[in-house]
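For the sequence shown, full-length UniProt numbering begins at 1 and goes up steadily by one.
All C-beta atoms, glycine included, are put in the ideal place defined by N, C-alpha and C.
These numbers come from a predicted model, not from an experiment.
The next block holds one structure in the form of structure tokens; read it before the comments.
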Amino acid sequence: SELSNQRVLSAEVERLQVELEAQRQREGDLKFELDRARAARKELEQRYEGIDPRRVVAEDTALAEARDTLARERAAHERQLGELEGKIKWYASNQELITANDEQLKAQKERIAQLEQQLAFYEGESAAAAVAGDKADAKKPMGGRVSGAKVSVGGAGGGAGAKRVKELEARKKELEARVKELERALEERGSSSIASLVAAARPRPEESAEVKRLNQKCAKLAEELESARNESVRKLRSLRQEYDRLRVSYESALSDARKSAAAAEKREADMAKRGGVNATKVRDLERQVEELRRFYSRKCRSLQEQLEEAQKANAEHKDREETRKAKAKEARLAKTIERERQER
């Protein structure tokens, strides 16, 4: 009994599946007939209105192709804009580094000015002490000169702080030792022994080596400055070439967009003469092309302004760096010469 029931059910299922498949086939045939009837009705309506269906299809195809071309151009421009925005971010980060360097240079410049003021102050005191010593030499023996040096150095050190006092004390001891050498030379050979005075006042070998080292360092800094200047010029040339390439690329893209707009206008005129129905679509496409042209024109101007600002900032930074290095070089040379003059 169960076996017979299963057979009946299986037969019923197969019959229903066959009927379902037949209904699906009939539904497909009806849809095909319906689509064909709609197409025939549309063709009749267009012929009644005086429109060629084949021409409408061709115009729709051309419009679709124009939209595809516009989409591809827009995607290409978006990629280029992404690259340019990345470069602008790099310029911005580079500008931040330049600003930080400017602040550091400003602080160093202020520090150099303070050191120059201190140097001028100590040079003035040294000159005053030298004049006082010369006047005392005309009236006092060599021992009195030593005492005067002690008083002068001690007074200067008291006004400059504990660290400066230690430095001046060391310098004072060195001068006292040299004065004693001069006194011994005078006692041994007489007061007219100029050769002894010259030998005692001659710069020490380590001082001459220091002067030579400073001169070599100045030459090395000059070479580094020239190398940095050449590198800046090379980078500016590279940026200029990149800017020119992008400008030509955008001008070409804008020219293509204008050609597309002109073609769209021509198609719109032809369709207006024939009484076409796609004038609104063409105007919309023209409007999109015009908006795209304005958008990229603004982008080009903005990129050009940012590039000019980056070039200007780089040039100002280079000038400030050269001025700072030149001042530092002059200050070191002046200190070296002044130290040699004082020690002699």
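Buried or exposed by the 16-neighbour rule on C-beta atoms within 10 Å, applied to residue i
{"i": "Ala39", "result": "exposed"}
{"i": "Ser227", "result": "exposed"}
{"i": "residue 365", "result": "Beyond the ends of the chain as shown, which are 1 and 344, falls residue 365; an answer cannot be given."}
{"i": "Ala219", "result": "exposed"}
{"i": "Ala59", "result": "It is worth fixing the name first, because residue 59 is Glu in this sequence and not Ala. Flag for Glu59 reads buried."}
{"i": "Ala257", "result": "buried"}
{"i": "Gly86", "result": "exposed"}
Coarse secondary structure for residue i, derived from DSSP in three states
{"i": "Leu168", "result": "helix"}
Contact belief for residue i with residue j at Cβ below 8 Å, rounded distance in angstroms
{"i": "Leu221", "j": "Lys325", "result": "6 Å"}
{"i": "Lys327", "j": "Ile112", "result": "7 Å"}
{"i": "Ala264", "j": "Ala66", "result": "7 Å"}
CB contact flag (residue i, residue j, <8 Å)
{"i": "Ser260", "j": "Thr69", "result": "yes"}
{"i": "Arg332", "j": "Leu214", "result": "yes"}
{"i": "Leu246", "j": "Leu84", "result": "yes"}
- prompt: Counting pairs of beta carbons, one from the segment 66-84 and one from the segment 253-263, are three or more of them closer than 8 Å?
  reply: yes
message: Does the contact criterion of 3 or more C-beta pairs under 8 Å hold for the segment 224-244 versus the segment 311-323?
response: yes
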